[in-house]
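Enquirer: If you read the sequence shown in numbering that gives the first Met the number 0, its first letter stands for residue 0, the second for the next number, and so on.
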Amino acid sequence: MTHSALGSTKAAELRSTRDLRSSGSVLVLVAAAGLVPLLTQNPFYLHLGVLIYLNAIFVMGLGIIARVGQLSFAHGAFAAIGAYSSVHAVMGLGMPYLAGVALGAAVAGMLAAAIGWIILRLRGVYFVLVTFSIGELTRLLLLDFPAISGGANGLTGVPPASFLGFELASKTSAYYYALIAAALVFVFAYALVRSPVGRAFAAIEENAALAEGSGIDTRSFQVLAFVIGSAVAGGGGAMLAHYIGFISPETFNLHFSIAIIIMLVVGGRKSLAGPIVGALFLTPLPELLRATVALQHILFGFILILALRFLPEGLAGIRVYRRKSTGVENK
Numbered sequence: 000m001t002h003s004a005l006g007s008t009k010a011a012e013l014r015s016t017r018d019l020r021s022s023g024s025v026l027v028l029v030a031a032a033g034l035v036p037l038l039t040q041n042p043f044y045l046h047l048g049v050l051i052y053l054n055a056i057f058v059m060g061l062g063i064i065a066r067v068g069q070l071s072f073a074h075g076a077f078a079a080i081g082a083y084s085s086v087h088a089v090m091g092l093g094m095p096y097l098a099g100v101a102l103g104a105a106v107a108g109m110l111a112a113a114i115g116w117i118i119l120r121l122r123g124v125y126f127v128l129v130t131f132s133i134g135e136l137t138r139l140l141l142l143d144f145p146a147i148s149g150g151a152n153g154l155t156g157v158p159p160a161s162f163l164g165f166e167l168a169s170k171t172s173a174y175y176y177a178l179i180a181a182a183l184v185f186v187f188a189y190a191l192v193r194s195p196v197g198r199a200f201a202a203i204e205e206n207a208a209l210a211e212g213s214g215i216d217t218r219s220f221q222v223l224a225f226v227i228g229s230a231v232a233g234g235g236g237a238m239l240a241h242y243i244g245f246i247s248p249e250t251f252n253l254h255f256s257i258a259i260i261i262m263l264v265v266g267g268r269k270s271l272a273g274p275i276v277g278a279l280f281l282t283p284l285p286e287l288l289r290a291t292v293a294l295q296h297i298l299f300g301f302i303l304i305l306a307l308r309f310l311p312e313g314l315a316g317i318r319v320y321r322r323k324s325t326g327v328e329n330k
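Quick look at the structure:
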């Protein structure tokens with residue numbers, strides 16, 4: 000085995016160990032989060048919890064795409080596609096809520112498959128620029144077709160989530176629903192990265208050329224990661240639209256995509272717990288600084304710079320980073 004192959008194998012093993020530790024931490028966090036409604040019925044805190052869990056879903060979807068070394072600025076576009084698909088299916092066709100969410104995820108995934116097969120020939124900054132263009136093009140197209148999107152005014156009166164005929168309209172029920180949904184997405188992500196597909200993802204991220212030489216169809220796996228991550232975004236977008244009861248082309252604009260990327264970077268893109276940590280720390284900021292939108296953007300940018308400079312592994316990777324910086328590594 001070559002030195003590069005040995006390095007890739009060691010890196011994959013280290014990531015596997017890190018993911019295992021992350022899963023234990025997340026289980027503790029989920030158990031603690033389940034106690035929140037028992038401690039407070041304050042609508043603001045429960046609303047904030049719902050947003051944290053929904054953002055965690057978005058970031059986990061982006062994290063799957065990052066597992067093959069790509070970063071998408073079109074995440075908001077696929078969230079919007081999933082949201083509008085679900086809203087029209089539920090309001091226009093009378094589909095059950097869960098079927099609408101599943102349809103939203105499926106439509107987003109299918110479009111991602113068609114687009115991904117074309118754009119994933121690109122690498123690095125070129126891929127980023129194309130996904131940026133896709134995100135903006137989607138927003139502009141939605142604005143130009145008000146019959147679908149409601150135009151700049153959006154669509155109101157979106158029904159809340161429901162299960163077996165019961166509407167999850169209260170903050171407490173919405174809180175637990177969002178928590179369970181985020182936990183299920185985490186379990187799915189954990190199973191994915193521990194599977195042969197996940198190991199192929201890790202090999203591609205570590206060294207795409209070496210993975211290709213080892214017989215891995217890198218392009219197909221990158222498209223698969225793009226499809227899965229975008230489908231998760233579509234499902235999350237559908238859930239958010241039904242939670243807030245409203246959707247417009249600006250709901251999932253460029254700022255939304257950038258915020259999700261920053262959450263991933265700050266939380267730690269190489270850790271399963273990273274998306275959850277990033278969502279937990281950064282979701283409250285826009286809610287607490289709602290009166291000063293410009294300050295939100297400045298603060299997010301400042302946090303991103305600090306994370307890139309001082310926390311290259313993100314908040315979830317602080318222990319790993321400290322071991323590396325001191326020359327101590329667990330065997």
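Cβ coordinates follow ideal geometry from the N, Cα and C atoms, glycine included. Fair warning: this is a prediction, and the values are worked out from it, not measured in the lab.
What do you reckon, are the CB atoms on Met262 and Val35 nearer than 8 Å?
Expert: The residue given as residue 262 occupies position 263 in the sequence shown. The residue given as residue 35 occupies position 36 in the sequence shown. Result no, Cβ atoms of Met262 and Val35 do not sit closer than 8 Å.
Enquirer: Please work out which residues of its chain come closer than 6 Å, Cβ to Cβ, to Ala272, disregarding the five sequence neighbours upstream and downstream, and give them in chain order.
Expert: Start at 1 with the first residue of the sequence shown, and residue 272 comes out as number 273. So the qualifying residues of the chain are Ser21, Ser24, Val25, Ala315.
Enquirer: Take every Cβ of the stretch 68–77, pair it with every Cβ of the stretch 116–134, and state whether three or more of those distances are shorter than 8 Å.
Expert: Flag = yes, the stretch 68–77 and the stretch 116–134 touch.
Enquirer: For Val157 versus Met238, is the C-beta distance shorter than 8 Å?
Expert: Within the sequence shown, residue 157 is the residue found at index 158, counting from 1. Within the sequence shown, residue 238 is the residue found at index 239, counting from 1. No, the Cβ-Cβ distance between Val157 and Met238 is not below 8 Å.
Enquirer: Can you give the Cα-Cα distance for Gly267 and Pro145, rounded to whole angstroms?
Expert: In the sequence shown, counting from the first residue as 1, residue 267 sits at position 268. In the sequence shown, counting from the first residue as 1, residue 145 sits at position 146. C-alpha separation (whole angstroms): 38 Å.
Enquirer: Please say whether Val29 and Ala182 have beta carbons closer to each other than 8 Å?
Expert: Residue 182 sits at position 183 when you count from the first residue of the sequence shown. Residue 29 sits at position 30 when you count from the first residue of the sequence shown. Their beta carbons are under 8 Å apart, which means Ala182 touches Val29 by this criterion.
Enquirer: What is the rounded straight-line gap between the Cα of Ile302 and the Cα of Leu92?
Expert: Stepping through the sequence shown from its first residue, residue 302 is reached at position 303. Stepping through the sequence shown from its first residue, residue 92 is reached at position 93. Answer to the nearest angstrom: the Cα atoms are 43 Å apart.
Enquirer: What separation, rounded to the nearest whole angstrom, lies between the Cα atoms of Ala278 and Asp143?
Expert: For the purposes of this step, residue 278 is taken as the residue at position 279 of the sequence shown. For the purposes of this step, residue 143 is taken as the residue at position 144 of the sequence shown. Distance between the alpha carbons of Ala278 and Asp143: 32 Å.
Enquirer: Tell me the rounded alpha-carbon separation between Leu70 and Ile64.
Expert: Along the sequence shown, one-based indexing puts residue 70 at 71. Along the sequence shown, one-based indexing puts residue 64 at 65. Cα to Cα, the separation comes out at about 7 Å.
Enquirer: In its own chain, which residues sit with a C-beta less than 6 Å from the C-beta of Ser148, not counting the 5 before and 5 after it?
Expert: Position 149 of the sequence shown, counted from the first residue, corresponds to residue 148. Counting only Cβ-Cβ distances below 6 Å, and skipping sequence neighbours, we find Leu141, Pro248.
Enquirer: Restricting to Cα atoms, I'd like to know which of Pro95, Arg66, Asn41 is closest to Ser169.
Expert: Taking the sequence shown and counting its residues from 1, one reaches residue 169 at position 170. The shortest C-alpha separation from Ser169 is found at Asn41.
Enquirer: Does the beta-carbon of Met0 have 16 or more other beta-carbons within 10 angstroms, so that it is buried, or is it exposed?
Expert: Numbered from 1 along the sequence shown, position 1 holds the residue referred to as residue 0. The predicted model places Met0 with a pLDDT of 46, which falls under 50 and marks its position as unreliable; any figure quoted below should be read in that light. Label assigned to Met0: exposed.
Enquirer: Return helix, strand or coil for Ser219, following the three-state DSSP convention.
Expert: The residue you call residue 219 lines up with position 220 of the sequence shown. Helix at Ser219.
Enquirer: At which residues does the alpha helix (DSSP H) containing Ala79 begin and terminate?
Expert: For the purposes of this step, residue 79 is identified with residue 80 of the sequence shown, where counting begins at 1. 74–92 is the span of the alpha helix (DSSP H), which, as asked, contains Ala79.
Enquirer: Please tell me whether Tyr242 and Ala306 are closer than 8 Å, where the distance is taken between their beta carbons.
Expert: Taking the sequence shown and counting its residues from 1, one reaches residue 242 at position 243. Taking the sequence shown and counting its residues from 1, one reaches residue 306 at position 307. Result no, Cβ atoms of Tyr242 and Ala306 do not sit closer than 8 Å.
Enquirer: If you count every other CB in all the chains shown that lies within 10 Å of the CB of Gly244, and 16 or more means buried, which is it?
Expert: What you label residue 244 is simply residue 245 of the sequence shown in a count that begins at 1. When all chains shown are included, Gly244 counts as exposed.
Enquirer: Below 8 Å CB to CB, which residues in the same chain sit around Ile317 once its five sequence neighbours on both sides are set aside?
Expert: The sequence position of residue 317 within the sequence shown is 318, counting from 1. Closer than 8 Å at Cβ, skipping near neighbours: Leu310.
Enquirer: Does Phe162 pass the burial test, meaning 16 or more other C-beta atoms within 10 Å, or should it be called exposed?
Expert: Against the sequence shown, residue 162 aligns to sequence position 163. Exposed, since its Cβ has fewer than 16 Cβ neighbours within 10 Å.
Enquirer: Please give me, in chain order, every unbroken run of the alpha helix (DSSP H) with length at least 4 that falls completely inside the stretch 131–181.
Expert: Qualifying alpha helix (DSSP H) stretches, in chain order: 145–148.
Enquirer: Can you tell which of Ser213, Phe225, Leu288 has its C-alpha closest to the C-alpha of Ala105?
Expert: Looking up residue 105 in the sequence shown gives position 106. Here the closest residue by C-alpha is Phe225.
Enquirer: Just checking my contact of Val67 with Phe200 at CB under 8 Å: how many whole Å lie between their CB atoms?
Expert: The residue you call residue 67 lines up with position 68 of the sequence shown. The residue you call residue 200 lines up with position 201 of the sequence shown. Correct: roughly 5 Å between the Cβ atoms.
Enquirer: Alpha carbon to alpha carbon, what distance is there between Ala32 and Ala136?
Expert: In the sequence shown, counting from the first residue as 1, residue 136 sits at position 137. In the sequence shown, counting from the first residue as 1, residue 32 sits at position 33. According to the sequence shown, residue 136 is Leu rather than Ala. Their backbone Cα atoms lie some 38 Å apart in a straight line.
Enquirer: Just to confirm the assignment, what range does the alpha helix (DSSP H) spanning Val58 have?
Expert: If you number the sequence shown from 1, residue 58 lands on position 59. Segment 42–65, the alpha helix (DSSP H) holding Val58.
Enquirer: Does DSSP classify Phe280 as helix, strand or coil?
Expert: Taking the first residue of the sequence shown as position 1, residue 280 is located at position 281. DSSP places Phe280 in helix when its eight states are reduced to three.
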